[in-house]
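Novice:
In my numbering, the protein residues as written are 19 to 129.
#1: The beta strand (DSSP E) spanning residue 46 covers which residue range?
#2: Can you check whether the C-beta of residue 23 is within less than 9 Å of a C-beta belonging to chain D?
#3: Return the chain-ordered list of same chain residues with a C-beta closer than 7 Å to the C-beta of residue 69, the five sequence neighbours on each side being excluded.
#4: Whole angstroms are fine: how far does the CA of residue 107 sit from the CA of residue 28?
#5: Alpha carbon to alpha carbon, how far is residue 87 from residue 126? Give it in angstroms, no decimals.
#6: Identify, in the order they occur along the chain, each residue of the same chain with its Cβ nearer than 7 Å to the Cβ of residue 42, setting aside the five sequence neighbours on each side.
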């Protein structure tokens, strides 16, 4: 089992989860985070920390495609190990439908 970041992170990018991760398996894109599935130790401490409720165990229904999504971008984006401020419109975008199609950026975070 591993944990994955789902599309509700897009355009929010809360980083509370990063602060509690004991193995630094979060990677940062321009407008979302992902978890490297091979680095995640399945501890689950990140899941309740996400204000956008965007982290799920890969055993939950509907998460299958998100494992490969997280793997792909964790291999392209830089690791993030410190909490940052969420994106400016995070509260407004939280829970919005269709965020992957509307807002997702493949670009890595600026360092």
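Just so it is clear, CB atoms sit at the ideal spot from N, CA and C, and this is done for glycine as well.
Specialist: In brief:
#1: Element bounds for residue 46: 44-46.
#2: Note that chain D does not occur in the displayed structure, where there is just one protein chain.
#3: 32, 34
#4: 11 Å
#5: 14 Å
#6: 97, 99
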